[in-house]
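Below: one structure, written as structure tokens.
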Amino acid sequence: MSLTSTTTLATMKNTSMASLLVPLCLCFVLLRGASGLGGGSCDRIDRRIRALEPTRRVDSEAGHTEFYDERDGQLACAGVTAARITIQQNGLLLPSYSNSPRLAYVVQGKGSVGVVIPGCPETYQETSSSSQQEQEQEHDERRRGGRRGEERRRSSEGEESEEGQEETSRRSFEQSIRDEHQRITTVRQGDVVAIPAGAPFWVHNDGDGALVAIAVYDVSNNANQLDQTSRRFRLAGGQTSSERRREGESESSESETERGGEESYNILSGFDTELLAESMRVSRDTARKLQGRNDKRGNIVRVRRGGLHLLRPATERVTDEEMMRGANAGAAAAGNGVDEALCLMKLRENVADPMKADLYTPNGGRITVLNSQKLPVLKLIKMSVNRGVMRRNAILAPHWNINAHAAVYATSGSARLQVVSSEGRRVFDGELRRGQMVVVPQSFAVLGSAGDEGFAWVSFQTSDDAMNAPIVGKSSALRGMPADVLANAFGVSREEARRVKFGRGQELAIFSPKSGDRRDMLAAAA
Amino acid sequence: MSLTSTTTLATMKNTSMASLLVPLCLCFVLLRGASGLGGGSCDRIDRRIRALEPTRRVDSEAGHTEFYDERDGQLACAGVTAARITIQQNGLLLPSYSNSPRLAYVVQGKGSVGVVIPGCPETYQETSSSSQQEQEQEHDERRRGGRRGEERRRSSEGEESEEGQEETSRRSFEQSIRDEHQRITTVRQGDVVAIPAGAPFWVHNDGDGALVAIAVYDVSNNANQLDQTSRRFRLAGGQTSSERRREGESESSESETERGGEESYNILSGFDTELLAESMRVSRDTARKLQGRNDKRGNIVRVRRGGLHLLRPATERVTDEEMMRGANAGAAAAGNGVDEALCLMKLRENVADPMKADLYTPNGGRITVLNSQKLPVLKLIKMSVNRGVMRRNAILAPHWNINAHAAVYATSGSARLQVVSSEGRRVFDGELRRGQMVVVPQSFAVLGSAGDEGFAWVSFQTSDDAMNAPIVGKSSALRGMPADVLANAFGVSREEARRVKFGRGQELAIFSPKSGDRRDMLAAAA
Amino acid sequence: MSLTSTTTLATMKNTSMASLLVPLCLCFVLLRGASGLGGGSCDRIDRRIRALEPTRRVDSEAGHTEFYDERDGQLACAGVTAARITIQQNGLLLPSYSNSPRLAYVVQGKGSVGVVIPGCPETYQETSSSSQQEQEQEHDERRRGGRRGEERRRSSEGEESEEGQEETSRRSFEQSIRDEHQRITTVRQGDVVAIPAGAPFWVHNDGDGALVAIAVYDVSNNANQLDQTSRRFRLAGGQTSSERRREGESESSESETERGGEESYNILSGFDTELLAESMRVSRDTARKLQGRNDKRGNIVRVRRGGLHLLRPATERVTDEEMMRGANAGAAAAGNGVDEALCLMKLRENVADPMKADLYTPNGGRITVLNSQKLPVLKLIKMSVNRGVMRRNAILAPHWNINAHAAVYATSGSARLQVVSSEGRRVFDGELRRGQMVVVPQSFAVLGSAGDEGFAWVSFQTSDDAMNAPIVGKSSALRGMPADVLANAFGVSREEARRVKFGRGQELAIFSPKSGDRRDMLAAAA
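Chains as they are written, first to last, in UniProt numbering: chain A, 1 to 526; chain B, 1 to 526; chain C, 1 to 526.
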């Protein structure tokens, strides 16, 4: 429903929605060149939208991925693809990158995510022989003297030069530094993680149960110059071990999901083994392992060797600010103030905490908006997210999305939704239940009501500053027009027109259910 | 013809055109992702362009809409659709919004336009019992104390709470405020009005004759993520009452114009009546009226009940500045400085006033340019407008549009135009007469001469800072090259090359006719 | 290979690549709305990429143009077209403009290029009777007093007014100014020249041998609203004299290359001769010559009349800074500070000078990056260039292009290249030899090794700030991940994972060949 994303903020602060519309000038600049995509794809949507379930599942050693049917029409119209990923306990989602940026919402569980921003420094560093104390000392040294300290240290080791200078530094590395890598982000239920196009990432489930996330890829994003599929370029792993189809999925598809299937190998496997070995200065045997042609574990593997040893700060869940300070020091050590902007960009934000809701209607529910004003990396991703929770029988106010499509995923409960096209045709009228997804196209009108168990959803929108226009209620379209215009337009009395305009008073986005339901609702409320 | 839009300014100020080219860097950023559209659509234009007349007409109770054939090829190439709207005296064009931004030029008449910017405050407010004096007092109060004054006043009314807090505020509203809505803009002949994508608007003809406007929709705009048609989402009104086709229009079209036709209802009609009634807190009977399934008046209705009561300042035509100050007070009252940028954006500008012409050639004519530097909302719309008037037999200098297509509509008189494609092929050679439209595609060369009655036009361009390059005259392409290069290129003498370069001296954009015509012309001049 | 463009800089300065990633936020904004194009075009690329040779050649009087087959799939995927232009000694490439921006690399020779930026002042001026001394004096005067000095001078000549004011100024022009035009840029081997969309340009070979350039047109650029072909709009010249086809090129093509063929005339030829003559105030006979219908010299003509007389500073190769100061004075004279930004924009930069290399590996080679940070006009063009030189058997590090396609043209030597798609399929595995071109699509992985004669190339990328991600080596994807993640991902020991990460030590982009080759290489080095 995208639903009041911004409307929301406005209400809580007793300001107008307009403060959130201001970035319109900018955000339109940032919008996707989506016209190309929408070209013909949204035509089909005029006929019928249906609640989507995943149609294809790819099993791996320690988890599975379920793909939503991207040929359904509504996902193509929105220019997105979607998948639900389940990582079993101690499972590792192997590193890959895509030509499209993506946003993922953690539906359940916790884990560690490493997003590698190409060109950024390895700010988590561990020296081999050094004690913790020495590490800190070294850290201070680097903080003061940049990399010079490190180099001085290395050169003082006075190693023999066997194969030229680069060999020396390699040896030096191998001995003084046990490992170094880019920062690691911890995630848990309710977190949104942003992954830019072309940036590889991996995920490790270090929690007690399964880690489940719903991911949406914005394939019509300007950052994607390739084609209208979300391709995964895997840096590791072999052919996927098994694949089960659902619902009579045809075999002739050439979509990405297909590519993600049985014919897919990691990109290293495409290189000549000898050339790869030489380029990496490793043995042919190691290169062959990297290519993983005989690896049957699939895309999600079980971590062996007594768990994954990840270097990171001691506290269970450090704040991003803390991590950024650490990264900052590293970046500063690189003698480079500029790169902090991107290298230190926060990639995660929690949208489930009720205390952080942007809109809250006591008898209706709440909505949390995550746009580029809250998480600047979304300016790059050009997407935004809404998280909504509605009480039983509460009403989702009629509205339309001004500048974005919305892919709505139900995380719990259910809602009855109606979506209306430009001809006034009802293209969707049905229930959206937990695990299902539906697209509400730009400009289409939507109205809904939560089921008896309430309704919770996460909505992925194809603009980093998605806006919507409520039809009734506070700051709505009808409220903005003179009562006399409405009276003449609808052929009603002026008094009726005023009731239409002001019937919902100051309510916004999520309306309380009718009085009869209210007692039940209050009883049901936590 | 887009025609020297900017060139123009340069001349008058004796500066170069370059000051207008500077925003190139920026404006390219803002350009439409038009490549998607242009993909194949402009191929057809290589064969032949013709002067377009409307091909389809939809009649309503108090006016009619004439659509230009969007399947002609040239409009598709430019990525625009066009329609001419006629509203009879006291007619009301019902509120609707579109997935595309649009610009309209008022060819004739006057009226009131209400553009609702979703999320902006209702800055025109009228309290029920208050006299004019009280209103002003209240206005001052709000100006000083923000909305707090209003709320204090409401709460002091001490109403009984029947159905909870929101009910109270609704009642309070109904009694203290007779009506409130967003600002209303008056328009008259020669005005350009900009309507952003997703923003609903309505128009009332409060003049003495018909109100006629030509509207162009930029469907390939980045703001449109939906598809390559300009869809109208109507907020009110029923099925259109009648429709007449012209010129053998085929029945199989699935274009927007079709959708705007007999099968179209307003978006509220697509919702379940009961759910709609509940969401608005109105009776089922009222909801049914809103859905308008039995309304046969069409899209333009006759205002009844003794005219439209519109709350607005006393002066007939207030300046936008005055209106903005008013709105400003309201916005400021909302305790929010940021939202003024968009909410207060001027949406109208007059381009017909001869005193405001940017280019004036005494014996040739004048051009008025309206780009985003003059009307900032055009940055959002990504379109611009030229208004031109040529004397009889004056010459439209040969030129090409650098960064935009131009849809040229003749408002009076006629001109002979020639348009030339990349192969040097003349794709258009004919007259453009009052009421006709022709597209001059980006990069295509154009040259013309006004007819015996002169020529007046308005040109809609698909960039908010459209530029063109004159081939000869001041600041022209040939002027910018060494005479010796031209001599060798054209195989002429150096002296001939200099005549080619300097033949038109300092003339720019509109050239005076040849001497023989001049006497007539001077006689004809006002 | 696009090849480490930016990576490079990072290394040499011992900073991270990140400083070069920062403009990501901005550059994505500037990216092409390429989704439209890529739509289906890149699908074909999954099957096979091949090294391209020109397939069609158009001969002219003093040179010829060779077009690369734009229907091959890989050029369409990248959204570019390419041509190699050869201008014989004293040949003149006639002025033309295009709907697409382009970048050209001078492979061989030297010449003069005039790019006319529409609307910018003619800053190279020569008065007819004035001696050099007078010219300088006049220049000073203009510098001080703007154009007023010039006008004062003209009016003091007290000419008779025959046909009104503009006639006077024309005469005045003809007598006081022998010629004036926009600046001329000298180019030589290794220069890159940027030509914005819609800006006409001409080239004169004033060197001792042939001038050869490879040009790439970015047809999917946002600046192009027309269609997915790079159309040439020629301002002069006639039908091309001859055309030879190669490799069974079919006759049915309707592509631009076709249009550039025998059916093409200059745009002036498309106008009515009489109207053209009148618009230019030249004789019908001169107009007919401009239209060039009988001109058989083609697109590149031989300069006659004792060479081309070009007004310009005395020094053989003035710096752009010097030229810009000159232009500056002119622009300032126009009383206009703003337009300097675009009018004075540098359009040329040398990328062949080894001393200017951004990356240099003693045993490997060097890369010079030209992006919008070095040449700001590239922000407008939305392209960038890499120039690379590799020693024999050196290794092109495995990497992928993050945000751009790369069209790689081999200028000398050869390399074995492997390109891998998302499924791990090797879509290209072959040699790229001098004169051949290959496209490395966005996200696709590439790895290569130079042949026995080394390898030199120029890579045109479809982003003004193209970035790539190395897979191994310094600042690489694998280096950014914890060794334990790699160990589990690849199923190797932790020690092997560390070798994979650190095997190439601090090497970046171009790796030295294996030890066995090194002696040869050192011997071969200059």
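By construction, the Cβ of each residue, glycine as well, lies at the ideal position given by its N, Cα and C atoms. If you're wondering where the values come from, they're calculated on a predicted model, not measured in any experiment.
DSSP places C:MET355 within a helical segment (H, G or I) once states are collapsed to three.
Per DSSP, the unbroken alpha helix (DSSP H) holding C:GLU495 starts and ends at 494 to 502.
If only complete runs of 3 or more residues are kept, the region 277 to 317 of chain B shows the beta strand (DSSP E) at 300 to 302, in order along the chain. Remark: fewer than three beta-carbon pairs, one from each stretch, lie closer than 8 angstroms, so the region 59 to 71 of chain B and the region 186 to 203 of chain B are not flagged as touching.
The C-beta distance from B:VAL116 to A:ALA477 rounds to 5 angstroms, short enough to meet the 8 angstroms contact threshold. Taking a Cβ-Cβ threshold of 7 angstroms, none of the residues of chain B is close to A:THR55; the smallest such distance is about 24 angstroms. By a beta-carbon distance limit of 8 angstroms, B:ARG434 does not contact B:SER459. Their separation comes to about 15 angstroms. Taking all protein chains in view, the Cβ of C:MET390 is crowded by 16 or more other Cβ atoms within 10 Å, so the residue is classified as buried. Residues of the region 183 to 196 of chain A with a C-beta less than 7 angstroms from any C-beta of chain B: none at all.
Out of A:HIS181, A:ASN393, A:VAL369 and A:GLN74, the CA that lies nearest to the CA of A:ASN363 is found in A:ASN393. DSSP places B:ASN468 in the uninterrupted beta strand (DSSP E) bounded by 468 to 470. Taking a Cβ-Cβ threshold of 7 angstroms, the residues of chain C close to A:ILE267 are VAL420, GLY424 and ALA445, in chain order.
A:SER98 is not a Cβ neighbour of A:ASN221, given a cutoff of 8 angstroms.
Here the region 400 to 417 of chain B makes contact with the region 77 to 85 of chain B; the two share three or more CB pairs at distances below 8 angstroms. Taken through DSSP and simplified to helix, strand or coil, B:ASP218 comes out as strand. Linking A:ALA410 to A:TRP457 through their CA atoms gives a straight-line distance of about 4 angstroms.
Out of A:ALA445, A:SER264 and A:LEU290, the CA that lies nearest to the CA of A:THR273 is found in A:LEU290. When the alpha-carbon of C:ALA489 is set against those of A:ASP295, A:VAL58, A:THR65 and A:GLY207, the nearest one is in A:ASP295. Residue environment analysis places B:PRO354 among the exposed positions, since fewer than 16 neighbouring C-beta atoms fall within 10 angstroms of its C-beta.
Interface residue (Cβ-Cβ distance to chain C less than 8 angstroms): B:ALA406 is not classified as such.
Checking the DSSP bridge columns, you'll see B:ARG102 partnered with B:ILE195 and B:TYR217. Boundaries of the beta strand (DSSP E) harbouring A:VAL408: 406 to 420, taken from the DSSP string.
C:VAL187 has C:GLY111 as its beta-bridge partners, per DSSP.
Note that the C-beta distance between C:GLU349 and C:LYS374 is below 8 angstroms.
For the 8 angstroms CB-CB criterion, C:GLN182 and C:GLY111 do not form a contact. Note on geometry: alpha-carbon atoms of C:VAL472 and C:HIS399 lie some 8 angstroms from one another.
Closest in C-alpha terms to C:ALA469, from the list C:GLN239, C:SER443 and C:CYS42, comes C:SER443. Against B:THR286, the close residues of chain A are VAL492, GLU496, ARG499 and VAL500, in the order they occur along the chain (beta-carbon pairs closer than 8 angstroms). An exposed status is given to C:ASP208, since fewer than 16 other beta-carbon atoms sit within 10 Å of its beta-carbon.
Going by DSSP, C:ASP484 is part of the alpha helix (DSSP H) stretching over 483 to 490. As DSSP reads the structure, C:GLY91 sits in a beta bridge with C:ARG302. Under DSSP, A:TYR68 forms a beta bridge with A:PRO54. C:SER384 is positioned such that its CB atom lies closer than 8 angstroms to that of C:GLN461. Remark: C-beta atoms of C:THR286 and B:VAL500 approach each other more closely than 8 angstroms. Rounded to whole angstroms, the Cβ separation of A:THR361 and A:ILE510 is 5 angstroms, and the two are in contact under 8 angstroms. Here A:ASP452 is exposed. Its C-beta has fewer than 16 other C-beta atoms within 10 Å.
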